[in-house]
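Residue numbers for the sequence shown follow the UniProt record's numbering, so the first one is 1 and each next one is one higher.
Below is one structure, written out as structure tokens; the observations come after it.
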Amino acid sequence: MLPLSKERALELFEQDLTVYAVVDGGGAEMLFDREEFESQLPGTVFALSREEWEESPAFDALVQERLNRQQEREQAFLSHEGDCFAIYQVSREDPQNVRFMNLDWLKSHDIPVDRGNYDLIYTAPLGGSGTKMEQLEKLYEQFNLQKPVDFHSPSMSVSDIVAVKRDGMVSCHYCDSVGFTEIPGFLPDNPLKNAEMSMEDDYGMIDGIINNGPKEPTVAQLEQQARSGQPISLMDLADAVHREERDKRKSVVEQLHQQPKQESKKTAPKKSAEREL
């Protein structure tokens with residue numbers, strides 16, 4: 001189950017997805033109409049089936065939106081401090097018809113491996129151990145046999161590029177007919193030179209390689225992770241909901257204290273006509 005705030009739960013309910021209210025003890029009750037939403041106690045955590053979400057058009061739309069943010073996501077990959085990887089595939093237009101072609105074919109036609117012919121498809125942390133080539137082979141197996149749920153692209157194959165960042169060093173590798181071949185110069189040096197951008201750790205990505213974020217995540221951040229298929233804790237979301245409600249109440253109280261106090265003016269009672277005579 002993926003946790004949701006009330007607002008996001010209502011939005012998905014209107015899209016005909018099945019939404020649940022998490023009750024005491026960790027159980028979940030299906031909600032059938034808006035009245036049932038409104039009857040829930042403040043701070044109630046709502047949830048959605050992971051399987052239903054991953055099969056929904058809304059999830060696919062988020063994945064496609066991510067693909068449109070090429071430069072932003074590439075900069076985030078290059079500036080990330082931890083080990084990570086990025087997968088590039090030949091763009092849909094493929095003007096030079098290089099998709100699925102090996103390096104020997106490219107050389108025989110005098111066609112260079114050009115970043116401009118590729119789209120950044122996927123980025124994620126690089127886990128596991130082993131040499132660089134061993135990790136590349138593991139990625140090839142993963143993206144053919146056990147693809148992540150938010151990888152909505154063709155399986156990894158010949159002509160794909162895998163960029164690997166280990167210990168701060170980036171190298172790019174061409175998926176060839178047999179194994180991988182390193183391609184120097186495919187990516188530029190990290191363009192994020194100024195300190196402000198280098199310190200930034202959240203570029204709005206939904207695949208999460210640069211999501212250090214604040215120590216206490218917000219409801220919006222947790223929802224974004226859940227929408228992308230990343231597992232999050234129901235307790236974390238419940239804490240975030242309570243924390244933001246507390247901050248909202250605190251903000252209202254502070255605003256009331258900041259309002260200027262109205263001066264109470266005392267007016268002398270009017271004398272009656274009899275007393276004035």
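Ideal placement from N, C-alpha and C gives every residue a C-beta, glycine not left out.
Using alpha carbons as the reference points, say which of Met1, Arg166, Pro184 and Asp167 lies closest to leucine 174.
Per the sequence shown, the amino acid found at residue 174 is tyrosine instead of leucine. Checking every option, the nearest Cα to that of tyrosine 174 belongs to Pro184.
Distance check for glutamine 142 and aspartate 3, CA to CA, integer angstroms please.
Sequence inspection shows proline at residue 3; the aspartate mentioned does not correspond to that position. Computed Cα separation, rounded: 27 Å.
In the DSSP assignment, the beta strand (DSSP E) including phenylalanine 180 goes from what residue to what residue?
180–182
Examine the ligand MN and report whether any of its heavy atoms sits within less than 7 Å of the Cβ of leucine 48.
Looking at this structure, you won't find the ligand MN or any other ligand, since it has none at all.
Could you have a look at methionine 133 and say whether DSSP puts it in helix, strand or coil?
Helix, per DSSP.
Kindly indicate which three-state DSSP category glutamate 29 falls into: helix, strand or coil?
Strand.
Grouping DSSP H, G and I as helix and E and B as strand, with all else coil, what is lysine 147?
coil
Find out if the Cβ-Cβ distance for the pair aspartate 160, glutamine 89 is shorter than 8 Å.
yes
May I ask you to list the residues that DSSP assigns as paired with alanine 21?
Glu29 and Phe46
Closer than 7 Å by C-beta to glycine 82: which residues in its own chain qualify, once you throw out the five before and the five after it? Chain order, please.
Pro125
Is the region 108–118 in contact with the region 19–39, if contact means three or more CB pairs nearer than 8 Å?
no
Coil, strand or helix - proline 57 by DSSP
helix
Which residues DSSP lists as bridging threonine 123, in chain order
Ala86
Mapping DSSP to helix, strand and coil, what is arginine 92?
coil
Can you tell me where the alpha helix (DSSP H) with arginine 166 in it begins and where it stops?
It is not in any alpha helix (DSSP H) - arginine 166 instead sits in the beta strand (DSSP E) that spans 161–166.
Mapping DSSP to helix, strand and coil, what is leucine 41?
coil
Does the distance from the C-beta atom of lysine 147 to that of phenylalanine 85 stay below 8 Å?
no
For alanine 28, I'd like the list of residues in its chain whose CB is within less than 8 Å of its CB, leaving aside the five on either flank, ordered along the chain.
Answer for alanine 28: Met1, Tyr20, Ala21, Val22 and Ala47, listed in chain order.
Given this structure, state the Cα-to-Cα distance separating glutamate 245 from lysine 6, to the nearest angstrom.
12 Å
Candidates His80, Arg8 and Leu41: which alpha carbon is nearest residue 279's?
Residue 279 lies beyond the residue range present for the chain, which begins at 1 and ends at 277; the question has no answer from this structure.
Just how far apart, CA to CA, sit proline 188 and phenylalanine 32?
53 Å
In whole angstroms, what is the alpha-carbon distance linking leucine 12 and serine 91?
Going by the C-alpha atoms only, they are around 32 Å apart.
Reduced DSSP secondary structure (H/G/I, E/B, other) of glutamate 7
helix
C-beta contact flag for valine 158 and asparagine 102 at 8 Å
yes
Taking 8 Å as the CB-CB cut-off, is leucine 136 touching chain C?
Within the model displayed, chain C is absent; a lone protein chain is all it includes.
Through-space distance from methionine 156 to threonine 218, alpha-carbon basis:
The straight-line gap from Cα to Cα measures roughly 35 Å.
Give every residue of the same chain whose Cβ lies closer than 8 Å to the Cβ of glutamate 196, excluding the five residues on either side of it in the sequence, and list them in chain order.
Per-residue confidence for glutamate 196 stands at a pLDDT of 37, beneath the threshold of 50, marking its modelled position as unreliable; the derived number appears in the next sentence. No residues qualify anywhere along the chain.
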